[in-house]
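Input: a single structure, listed below in structure tokens.
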Amino acid sequence: MIIDRVMLKALAEAATPGEWVTDGEYVNEHGNVLYAYVAHEKGGRIAEAFANCLVKTDEQCRANAAYIAAASPVVVLALLAEIDRLSGGEAAKEASRG
């Protein structure tokens with residue numbers, strides 16, 4: 010797998026900045042989770058993880074939202090910076106070459 014660090018950085022910089030957190034869920038009348046929400050740490054929902062035929066359980070829907078929140082732009086940018094640091098700056102040079 011080739012990771013396009015330039016694209017990841019551009020997407021992270023364009024997305025809502027800051028830490029993201031899970032922010033509750035919507036449960037239907039049968040007690041099933043239909044959506045699990047992702048929000049900015051200061052409030053305001055950013056995304057929803059949907060329950061559908063690919064999502065096997067309510068817990069998996071919640072886990073999807075937690076994963077999205079954990080991979081917030083600030084985290085992705087920090088990971089990219091760490092890759093660059095560990096590679097002695099080679100990752101940034103390689104990424105800028107495309």
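Its first residue numbered 10, the sequence shown is counted upward by one per residue in this note's numbering. Here a beta-carbon is modelled for each residue, glycine too, at the ideal position from N, C-alpha and C. Quick caveat: nothing in here was measured; it's all calculated off a predicted structure.
Between which two residues does the alpha helix (DSSP H) containing Ile92 stretch?
One-based indexing of the sequence shown puts residue 92 at position 83. Following the DSSP letters along the chain, one finds Ile92 inside the alpha helix (DSSP H) bounded by residues Pro82 to Leu95.
Contact the segment 56-68 vs the segment 38-45: 3+ CB pairs below 8 Å
In this structure the segment 56-68 lies against the segment 38-45, because at least three pairs of beta carbons, one per stretch, are closer than 8 Å.
Three-state class that DSSP yields for Ala75 in the structure shown:
Numbered from its first residue, the sequence shown carries residue 75 at position 66. Ala75 carries a helical assignment under DSSP once its states are collapsed to helix, strand and coil.
Going along the chain, which residues of its own chain have a beta-carbon closer than 6 Å to the beta-carbon of Lys18, five neighbours each way excluded?
For the purposes of this step, residue 18 is taken as residue 9 along the sequence shown, with counting starting at 1. Leu89.
Beta carbon of Ala78, beta carbon of Trp29: below 8 Å?
By one-based count along the sequence shown, residue 78 stands at place 69. By one-based count along the sequence shown, residue 29 stands at place 20. For the 8 Å CB-CB criterion, Ala78 and Trp29 form a contact.
When burial is assigned at 16 or more other CB atoms within 10 Å of the CB, is Ser3 buried or exposed?
Residue 3 lies beyond the residue range present for the chain, which begins at 10 and ends at 107; the question has no answer from this structure.
Check whether the Cβ atoms of Ala58 and Ala48 lie closer than 8 Å to each other.
Here the question's residue 58 lines up with position 49 in the sequence shown. Here the question's residue 48 lines up with position 39 in the sequence shown. Taking 8 Å as the Cβ cut-off, Ala58 and Ala48 do not qualify as a contacting pair.
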